[in-house]
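Chains as they are written, first to last, in the numbering used here: chain A, 1 to 51; chain B, 52 to 290.
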Amino acid sequence: MAGKYAVFVWGAYGASCIAFTWMILDTFIRSRAARRALERLEGAARSESDT
Amino acid sequence: MITVLANPHRFMAFSRWAAPILGVAAAGLIAWGLALGLAVPPDYQQGDTVRIMFVHVPAAWTAMLAYACLGGASFVSLVFRHAVADAAARAAAPLGAAFTAAALVTGSLWGKPMWGTWWAWGDSRLVSVLVLFLLFLGYLALRASIEDEAKAARAAEILALVGLVNLPVIKFSVDWWNTLHQGESIFRAGGPLIAPVYLWPLFLMGAGYSAAFGALLLVRTRTEIRRRRAVGLALRAAA
């Protein structure tokens, strides 16, 4: 598909796919790390206040 | 709306359901736009490279939207000291940089077969979009290089506000100067110059990219709010 311009057309779609993949992965990896860190600290703070 | 969402708890409650809705809408719109974009007939002048427009133009629109959000959030943070606005500004910058990079790369991949060159330093549209990319990187670098988070935020917010002047330059560069880049062909008096068969996939992709930016912005802002809570708790535990 895309004939003699295939390398440019699919190159552009590939570049867009890479940009989206990076944005989605980076967003969710950071989100999970922040949620776990907060849960751990909140847990520690709760157990400290209980004692 | 801004006042309501300035409260971190209300923002977390709002974004909890708004982010997935925007994400699903983005996936649907982009899938629909891609299906239409890959099915359109080749353009009589550009041939199949017209399909690059369906990923290049939405990326450029969303890059400008991201900078408008960065500038707006920076203004609200600087003037009203809203912590959520600062978190949103910080969340918008890497997304804006990614969309701008995508616009630059896909534009270059269209330029080579159509203009005969990957890049033209004398073209004001190309250079002003490159400046937009550097503004995003500058914002991120400034925030990362100053240890005091409050001082880093103030400095980066001022840079973001100064950079807002670049948005009208990008928009009107094709009218103000002679450029290799084609003139305004969509949002212009007298209607779009592009055939409707190409406009539909373009608008669907534009809406999909914007929704994707919105969804990712909300998730990243939530992450930033959580990170700040974690830093606060860690400091309290260490004290």
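Beta carbons: idealized from backbone N, C-alpha and C, even for Gly.
Positions of the alpha helix (DSSP H) runs, each at least 4 residues long and wholly inside the segment 57-91 of chain B, are given as 59-90 in order along the chain.
For residue 97/B, the closest C-alpha among the options 74/B, 66/B, 116/B and 166/B is that of 166/B. Within the segment 57-70 of chain B, contact with chain A at the beta-carbon level (separation under 9 Å) is assigned to no residue. Per DSSP, residue 46/A is one residue of the alpha helix (DSSP H) stretching across 6-50. Note on residue 99/B: 16 or more other CB atoms within 10 angstroms of its CB, so buried under the neighbour-count rule.
Taking a Cβ-Cβ threshold of 8 Å, none of the residues of chain A is close to residue 141/B; the smallest such distance is about 11 Å. Neighbours of residue 21/A across chain B, judged by C-beta separation under 9 Å, do not exist; the nearest C-beta is about 10 Å away. In this structure, the CA atom of residue 249/B is about 29 Å from the CA atom of residue 143/B. Under the Cβ distance rule, residue 137/B does not count among the residues neighbouring chain A, no pair being separated by less than 7 Å.
When C-beta distances to chain A are compared with 8 Å, the residues of the segment 92-125 of chain B below that value are 93, 98, 99, 100, 102, 103, 106, 107 and 110, in chain order. Residue contact check for residue 25/A against chain B: no CB pair falls below 7 Å. In this structure residue 252/B touches residue 88/B by the C-beta definition: roughly 4 Å separates them, less than 8 Å. With a threshold of 7 Å between beta carbons, residue 36/A makes no contact with chain B. By DSSP's assignment, residue 98/B forms a beta bridge with 94/B.
Residue range 134-166 is occupied by the alpha helix (DSSP H) that includes residue 153/B.
Under the three-state reduction of DSSP, residue 201/B is assigned to helix.
In this chain, residue 235/B is not harboured by any alpha helix (DSSP H), its DSSP state being neither H nor E. The Cβ-Cβ distance between residue 19/A and residue 266/B does not fall below 7 Å. Taking 8 Å as the Cβ-Cβ cut-off, the segment 147-176 of chain B approaches chain A at 149, 150, 152, 153, 156, 157, 160, 161, 163 and 164, given in chain order. Those residues of the segment 234-268 of chain B placed with their C-beta closer than 8 Å to a C-beta in chain A are 263 and 267, ordered along the chain. Taking residue 145/B as reference, the option from 84/B, 191/B, 95/B and 91/B with the minimal CA-CA separation is 191/B. Contact of residue 270/B with chain A by beta-carbon distance below 8 Å involves 27, 28 and 31. Here residue 197/B has 203 and 206 as same chain residues with Cβ atoms under 8 Å from its own Cβ, once five neighbours each way along the sequence are excluded.
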